[in-house]
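These notes are about the structure you will find just below.
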Amino acid sequence: MSALGFNTGYIEELYRQYLDDPQSVSESWRDFFEDYQPDESFVAASEARPTGPPETAPSTAPSGDGTPTPQQKPKPAAPSDDERDGGAPVIRSASAPSINGASVEPMRGAAGKIAENMEKSIGVPTATSMRTIPVRLLSENRTLLNDYQRHVGGEKVSYTHIIAYALVQAMKEYPAMNTTFRHNPDGQNGEAGEPQKVVPEHVNLGIAISVEQRGKQTLLVPNIKAAEEMSFAQFLGIFNDLVRRTQGGDLEMSDFEGTTASITNPGMIGTRQSVPRLMPGQGVIVGVGAIGYPPEYRAFAPERISQMGVSQVMNVTSTYDH
């Protein structure tokens, strides 16, 4: 499951729903979960979840006329805040472990799976490059695109749409960006354990999307299949559909499979620059920083900046297997 990266916690939450009620998930998820083998961390977390008290037959008590009537069975306790979270509840005891007075709690569910995948990503041999890119031309072209979109009744174009599509075009010109590294797992096509380069057939671009689940933010990375074959209009439509289905909880297993590259935009929350982790099975992940004027010009009046011809910039990082 490590190939699914940050999506694993979401998939395991769906699996828990499937175990409780198979009809609560779509048919495609039921087909996937029929032969699904959860990893050891999921099994351990599931076994650690406390089970409710055994049900007993309802007792009877005499009514006013002497006829026995069943007593109402007590209602189960409301789920705790931890159980409302996507994973198993945190188990606390009177003798909880501590380190220098700080309490220690196990990480369950999506949070634990994210930490596990972050650790696995350390095994990928990576390098990171960073560029500061002026965005004046990008901004002007986006304005022209949105003027046209309003005229024809189309959807609004964001900076992320344009940057993601530009990334796909760059990968068409430099296909080595889309290749991935692995150690031969089974001895086929070479010796077991030897380093290998995998050349995917298509560019399946993962889009990092932040969604709120049970009051907490989590990150999902579904992908756009065969993005290199699309026009910008097609890419825009599929991108927006993917975002809508992610926010609506309507993703299928196929939306996560086969990701070869990813783009993430922490600039939307003001981050100027980041070095995101490259998940196993992917060739590159691009991080897009916030758009703004260089620090040395931020105190200038807008009129002065315009006179000087200073452009806003964004920092873009590319982390790739080396």
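Taken in order, the sequence shown gives residues 254 to 575; the numbers are from this note's numbering. For every residue, glycine included, the Cβ atom is placed at its ideal position computed from N, Cα and C.
request  = Over the uninterrupted alpha helix (DSSP H) stretch that includes GLY490, give me the two end residues.
outcome  = GLY490 -> alpha helix (DSSP H) spans 485 to 500.
ask   = For GLU408, which option in SER527, PHE286, ALA486 and SER507 has the closest C-alpha, if you only look at C-alpha atoms?
value = Measuring from the Cα of GLU408, the nearest candidate turns out to be ALA486.
key: GLU505 vs SER281 beta-carbon contact at 7 angstroms   = Note that the C-beta distance between GLU505 and SER281 is below 7 angstroms.
Candidates THR517, GLU372 and ASP284: closest to LEU458 by CA position = For LEU458, the closest C-alpha among the options THR517, GLU372 and ASP284 is that of THR517.
TYR573: first and last residue of the uninterrupted beta strand (DSSP E) it sits in = Looking at the DSSP string, the run of the beta strand (DSSP E) that includes TYR573 is 566 to 574.
ask   = Going straight from the alpha carbon of GLY490 to that of HIS575, what length do you get?
value = C-alpha separation (whole angstroms): 33 angstroms.
key: CA-to-CA distance, LEU391 to VAL557, given in whole angstroms   = Looking at the sequence provided, one finds Arg at residue 557 rather than Val. Across the structure, ARG557 and LEU391 are spaced so that their CA atoms are roughly 22 angstroms apart.
ask   = If you pair each beta-carbon of the segment 558 to 573 with each one of the segment 497 to 504, do three or more pairs fall below 8 angstroms?
value = The segment 558 to 573 vs the segment 497 to 504: no contact.
message = So, at 6 angstroms on beta carbons, what are the nonlocal neighbours of THR432 in its own chain, with the 5 sequence-adjacent residues on each side left out?
response = Hits under 6 angstroms: LYS450, VAL452 and GLY536.
message = Can you tell me whether SER346 is helix, strand or coil according to DSSP?
response = Only weak support is given to the placement of SER346: the predicted model assigns it a pLDDT of 47, under 50, and the question is left unresolved by the model.
key: Touch test, the segment 415 to 427 against the segment 507 to 521, Cβ-Cβ under 8 angstroms, three pairs minimum   = In the pairwise beta carbon analysis, the segment 415 to 427 is classified as touching the segment 507 to 521: at least three pairs are separated by under 8 angstroms.
query = When you compare only the Cα positions, how much space is there between ASN437 and ASP274?
reply = Computed Cα separation, rounded: 38 angstroms.
message = Is it buried or exposed, GLU287, if we count other Cβ atoms within 10 angstroms and call 16 or more buried?
response = Under this definition GLU287 is an exposed residue.
inquiry  = Using the Cβ count rule (16 or more neighbours within 10 Å means buried), how would you classify PRO475?
reply    = Answer is buried; the Cβ neighbour count reaches 16.
Distance between ASP508 and LEU495 (C-alpha atoms, nearest Å) = Those two C-alpha atoms are separated by around 8 angstroms.
Run of the beta strand (DSSP E) containing ILE415, from where it starts to where it stops = Following the DSSP letters along the chain, one finds ILE415 in no beta strand (DSSP E) but inside the alpha helix (DSSP H) bounded by residues 412 to 426.
ask   = Excluding sequence positions up to five away, which residues of its chain have a Cβ less than 7 angstroms from the Cβ of ARG384?
value = Same-chain partners within the cutoff: VAL569.
inquiry  = According to DSSP, is HIS436 part of a helix, a strand, or is it coil?
reply    = HIS436 falls in the strand class under three-state DSSP.
Contacting residues, own chain, Cβ-Cβ under 7 angstroms from GLN270 (five flanking each side not counted) = Within the same chain, GLN270 has close Cβ partners SER277 and VAL278.
message = Please list the terminal residues of the continuous alpha helix (DSSP H) segment that includes ARG384.
response = Annotation for ARG384: no alpha helix (DSSP H) segment contains it, though the beta strand (DSSP E) segment containing it runs 379 to 387.
key: Which of helix, strand or coil DSSP assigns to GLY407   = Note: GLY407 maps to coil in three-state DSSP.
key: Simplified DSSP state of LYS373, which is helix, strand or coil   = It is helical.
message = Whole angstroms are fine: how far does the CA of ALA479 sit from the CA of ILE538?
response = The alpha-carbon atoms of ILE538 and ALA479 are separated by roughly 17 angstroms.
request  = My understanding is that THR379 touches THR572, with C-beta atoms under 8 angstroms, so please give their C-beta distance in whole angstroms.
outcome  = Correct: roughly 5 angstroms between the Cβ atoms.
key: Counted within 10 angstroms of its Cβ, other Cβ atoms place ALA461 as buried (16 or more) or exposed   = Counting Cβ neighbours within 10 Å, ALA461 comes out buried, since at least 16 surround it.
ask   = Closer than 7 angstroms, CB to CB, is GLY540 near chain D or not?
value = Reference to chain D is not applicable here, since this structure consists of a single protein chain.
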